[in-house]
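Working notes, beginning with the structure itself.
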Amino acid sequence: MDSMLEKLMEDFIRHISEIFFADVGGYALDSHHGFVIQYGFNRDIELGLHVDDSEVTLNVCLGKQFSGGELYFRGVRCDKHMSAEALPEEIFEYSHIPGHAIIHRGRHRRGARATTAAQRINLLLWCRSSVFRELSKHPKDFVRWCGECQREMRERVNQAVTAKKRYRFLFIFSSIPF
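Final position of the sequence shown in our numbering is 173; the numbers increase by one with none missing.
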């Protein structure tokens, strides 16, 4: 199955990732880890909030009819901000449909709600980029793909703009002869 998953990554996932996930190395996916997971009776029921050891993850629902098992997403985070609260625009729910797939950043925090009836079977393919992983060893102040880093950056920019406006106002005000 390894060669089939390699071909899937090279011919399909890499092309999509170049467009949608370039900021996390989607243009340079060069390894993968694939596995099947089952949820339901005598199996895992649910999965708490987590991230994958991947830059891009493909999640294909292989199962038959089932109930429950929805994915809930809570924003993309770097290690520094893993426990930060999700912003309203980062909250997303996804219901699996047999034969359908979802592709997302591996660092997208998410969980799976309980599978309440029957059994859900999913194929997961974690796609990795050695280039991105090497670059990640040398982080900058803000990680572009982390939602909390982006919020902090916007806040710093707004503070700088406000300070500059205040300084300009004070300069103009102090230049007015009384």
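We treat Cβ as the ideally placed atom computed from N, Cα and C, and that holds for glycine. Nothing here was measured: the structure is a model prediction, and the numbers come from that model.
Excluding sequence positions up to five away, which residues of its chain have a Cβ less than 6 Å from the Cβ of H91? C56, G64
### Message
Considering only the alpha carbon of each residue, which of M77, E88, L119, M148 lies closest to R108?
### Response
E88
Task: Nearest neighbour of I116, chosen from F7, S62, S26 [CA to CA] - done: Ranking the options by Cα distance to I116, first place goes to S62.
task = Pull up the distance between the alpha-carbon of E85 and that of F68, whole angstroms please.
result = Taking the straight line from one Cα to the other gives about 7 Å.
Checklist entry - Would R104 be called buried (16 or more neighbouring beta carbons within 10 Å of its own) or exposed? => result By the beta-carbon neighbour count (other beta carbons within 10 angstroms, threshold 16), R104 is buried.
Rounded to whole angstroms, what is the Cα-Cα separation between A112 and L66? 16 Å
On a Cα-Cα basis, can you pick out the residue from G35, G21, R151 that is closest to Q60?
G35
(Q) Looking at C144: is its Cβ nearer than 7 Å to the Cβ of M4? (A) no
Of the choices R128, L118, F127, S78, whose alpha-carbon is the least far from that of G142?
S78
Measuring alpha carbon to alpha carbon, tell me which of D74, S131, L118 ends up nearest F30.
L118
Requested in this report: Give the DSSP bridge partners of D39, in chain order.
Outcome: Y34
- Query: Roughly how many whole angstroms lie between the Cα atoms of D47 and Q154?
  - Reply: 34 Å
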